[in-house]
Amino acid sequence: MLLGERETPDGVECNKGQEKNNMKMRRVFLPWLFAVIAVVFSINVAGATETDAPGMVTPTSVNAAGVAETDLTDMVPPTITIDQTELNNGGIIKVTGKAPAGQPVFLEVWAEGRSVRASRFDKDVDKETGKRPYIFYITKEMPAYYKIFVPTELQSKIDEEQKQGGKWSVSRLLKDLGADAAYNVPAKAQIDRHQSTLMASIIGSRGALLPVMDAKENKKRSMQLVKTRFRSLDKVFGADIDVKPDGTYSAEIKIRKGLAPGEYKIMTVVGKETKSQAVTFENKISFPTMYLANAGTSMNLIYPFFLTLAVAIFGVLMGAGGGFILNPLLVTLFPVLPHTVVAGTVTPTVLFSQGSGIFNYSKINFISWKLGCGIGVSMILGALIGPKLTEMITLDQFKFAFGWILLVLAALMFWQTTPGYLAKNKKEQAILKEFKRRAEESSKGKN
Amino acid sequence: MKVVFWEQEFTVNMFVGCVGGFLIAVMSSMFGFGGGPFMVPLMTVALRLPMYLVVGSSLLAIFFNTSISSLRHYQFGNFDLLFFLAMFPAALLGGYIGPQIAKRVSPTVVKRVACTGLVILAIKLLGFF
């Protein structure tokens, strides 16, 4: 708040004792701040080594176990051809080919080079034990784009699952569609799971790393992560394949705008053993659209620039930072951005204006270091927990909570425009100006 | 706790200050904003401190919050450099342009506009329409 408060100091007097006292205060607290930052960094390093070590024992043969018995053996692998190998920020690709007659055909499409993080906090009651597991699942190997295409006849099954609303499930739908064999790439992603505890959350770790899951469990959990990552059903499933009775099939695959650039692969799957070669196409993007690696999406960066500019100006006029307007706007206007990335990137943006504000006030000795640091220490504790919670909640919960926060804020703002408050504020502002003038005079006198 | 500021002594109820500060910090770092609009009312209303003491000190308090939560978000991989580079210059530019317009508009009007905007945004987030 109150950025850009820069007025030229003029005057003479200086209060020496006060000055000394505050300087001392500053010297006491600065090392404190560094100590805290050092602690946070060391936790970061510790966390990194902790997660690295068990990576050695990644399961290698994910798909190997128990394959052959369910499948029709000795089928000719399906063929696949695509009409173009290059897209410019999305587009339509026509896929044609021939599969064994009378079989349902599935297409698995994924971004090969670019992967993103996906995480899920499991706090649902376990049906067997009746307890809440509080396990945090995270993978860094979720493809930035993933979709399974099924024959058009199966549209009704997708619609049925759509009726479940937010409770739709990847595994249930795969079973209904008979498309289990087409689900391969995310199943191989290495998923870490952490046993979360309240204490671990406070000190900053994700909790103790649990043993690596077996292939089957890994696959099951990866389906839940697919849901948290892609959020809506129609992003993961589409019924677009037209299959003729003789086994020839064709499909028009629509690649949305704002997806990751790079290599994509398409594979035709009929059964667990009956798959085509993967064909490759390339999605290209050009400036000002750029790929945001942590968000896993590409985006025209001109829009957020002007949005931030407008909000920052408005924030100055209002006398507040503006982060609380920018965040919900970004989340609503750009649904491609995960809320964690929005929160994590806006926070450092306001850091600079706060820093310059503090610098300007400290020049004229207008900060009570004791009071600021006293409350600041309790805020450090809160700041350690908050970002952890962002990671644990879903987008819907984020929106819901933020909605209520904004309502409270709107009430606060409204209260600040009521006549009673304005009258009181006028007096306060007059005193504020008077004190500031004195402060500037004394700091001028010192120089 | 006693705080001396410009030769005046204030008694601050640190229990209320710290609990309030903690809650504001959790909330603001979770949702990624500064926390100033909550911190100033906390210090003026709940702690009964005068505005001239609050302006600088609240800024210092939320600076702690914002710097630590930035580090934490970075640690969890929530920070996107390119996205940051798109927004940061805009925020700086806004910080320069803002004060020049500020003299010409009444803060009360701005606050009323903000108030309406916030309610609309809140309703949108809560999914009422």
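If you're matching them up, the sequences are chains V and R in order.
For the first sequence, my numbering assigns the number 1 to the initial residue and increments by one for each residue that follows.
For the second sequence, my numbering assigns the number 1001 to the initial residue and increments by one for each residue that follows.
Quick reminder that beta carbons are idealized off the backbone N, C-alpha and C, glycines included.
Classify L209(V) as helix, strand or coil using the three-state DSSP reduction.
strand
Three-state secondary structure (DSSP) at F1024(R)?
A small fix is needed here, since residue 1024(R) is Ile in this sequence, not Phe. Reduced to three states, the DSSP call for I1024(R) is helix.
Near P54(V), which residues of its chain fall below 7 Å by C-beta distance, leaving aside the five closest residues on each side in sequence?
Because P54(V) carries a pLDDT of 40, less than 50, the predicted location of this residue cannot be relied on, and no value is offered for it.
Assuming I93(V) is part of the beta strand (DSSP E), what are its boundary residues?
G91 to K98
Flag N1013(R) as yes if its beta-carbon sits less than 8 Å from any beta-carbon of chain V, otherwise no.
no
Cross-strand partners of E86(V) (DSSP beta bridge):
E282(V)
Do you know how far the Cα of F121(V) is from the Cα of P133(V)?
CA-to-CA, the gap between P133(V) and F121(V) works out to about 9 Å.
With which residues is I266(V) paired in a DSSP beta bridge?
V109(V) and V279(V)
Using the beta-carbon of each residue, which ones in chain R are nearer than 8 Å to I431(V)?
P1050, M1051 and Y1052
Does the segment 149 to 160 of chain V come within contact of the segment 412 to 423 of chain V, defined as at least 3 CB pairs closer than 8 Å?
no
Anticipated Cβ contact below 8 Å, S205(V) with A260(V), distance rounded
Not quite, the Cβ-Cβ distance comes to about 30 Å (not below 8 Å), so this is no contact.
In whole angstroms, what is the alpha-carbon distance linking V1109(R) and V279(V)?
Whole-angstrom Cα-Cα distance: 59 Å.
Segments assigned beta strand (DSSP E), at least 3 residues, entirely inside the segment 151 to 190 of chain V
none
By how many angstroms is the C-alpha of S1029(R) removed from the C-alpha of F1015(R)?
21 Å
In the DSSP assignment, the beta strand (DSSP E) including S356(V) goes from what residue to what residue?
Here S356(V) belongs to no beta strand (DSSP E); instead the alpha helix (DSSP H) covers H339 to K363.
Could you list the residues in the segment 216 to 235 of chain V with a C-beta less than 7 Å from some C-beta on chain R, going in chain order?
none
Going straight from the alpha carbon of A88(V) to that of G238(V), what length do you get?
The question names Ala, but residue 88(V) in the sequence shown is Asn. Straight-line Cα distance between these residues: approximately 21 Å.
D126(V) to A1114(R) span [Cα, whole Å]
Rounded to whole angstroms, the gap between the alpha carbons of D126(V) and A1114(R) is 45 Å.
Tell me whether F287(V) is buried or exposed, calling it buried when 16 or more other Cβ atoms sit within 10 Å of its Cβ.
exposed
Straight-line CA distance for M199(V) to A1061(R)?
24 Å
Nearest to K157(V) by CA position, among A144(V), E141(V) and D176(V), is which residue?
K157(V) has its Cα closest to that of D176(V), out of A144(V), E141(V) and D176(V).
Quick check: the segment 1068 to 1088 of chain R against the segment 299 to 307 of chain V, are there 3 or more CB pairs under 8 Å?
yes
Distance check for L1125(R) and L307(V), CA to CA, integer angstroms please.
18 Å
Considering only their Cβ atoms, is the gap separating T96(V) from S250(V) smaller than 8 Å?
Yes; because the gap between Cβ atoms is below 8 Å, this pair is in contact.
Over what stretch of residues does the alpha helix (DSSP H) that includes G1056(R) continue unbroken?
Start and end: M1051 to Q1075.
Which residue comes first and which comes last in the alpha helix (DSSP H) that contains F1100(R)?
Sequence check: residue 1100(R) is Gln here, not Phe. Residues L1081 to A1102.
Less than 8 Å between the CB atoms is what I'm expecting for T248(V) and K140(V), so what's the real figure, rounded?
Under the criterion of beta carbons closer than 8 Å, T248(V) and K140(V) do not qualify as touching, at roughly 39 Å.
Check the Cβ of E455(V) against every Cβ in chain R and list those closer than 8 Å, keeping chain order.
Not covered by the structure: residue 455(V). The range shown for chain V is 1 to 447.
In chain V, which residues lie less than 7 Å from K1124(R) when you measure between Cβ atoms?
T332
In the DSSP output, what is N300(V) paired with across the bridge?
T289(V)
Measure the C-alpha to C-alpha separation of P1041(R) and G296(V) and round it to an integer number of angstroms.
Straight-line measurement puts the Cα of G296(V) at about 38 Å from the Cα of P1041(R).
May I ask you to report which of helix, strand or coil DSSP gives V45(V)?
Any reading at V45(V) must be qualified, since the residue scores a pLDDT of 42, below 50, and its modelled position is unreliable; no value is offered.
In the DSSP assignment, the beta strand (DSSP E) including R117(V) goes from what residue to what residue?
S115 to D122
How about V1110(R): is its C-beta nearer than 8 Å to some C-beta of chain V?
yes
Note down, in chain order, every chain R residue with its Cβ under 8 Å from the Cβ of K426(V).
The premise fails here: K426(V) is roughly 11 Å from chain R at the closest Cβ pair, so nothing lies under 8 Å.
Contact set for I138(V): own chain, Cβ-Cβ below 6 Å, skip 5 residues either direction:
S119 and D192
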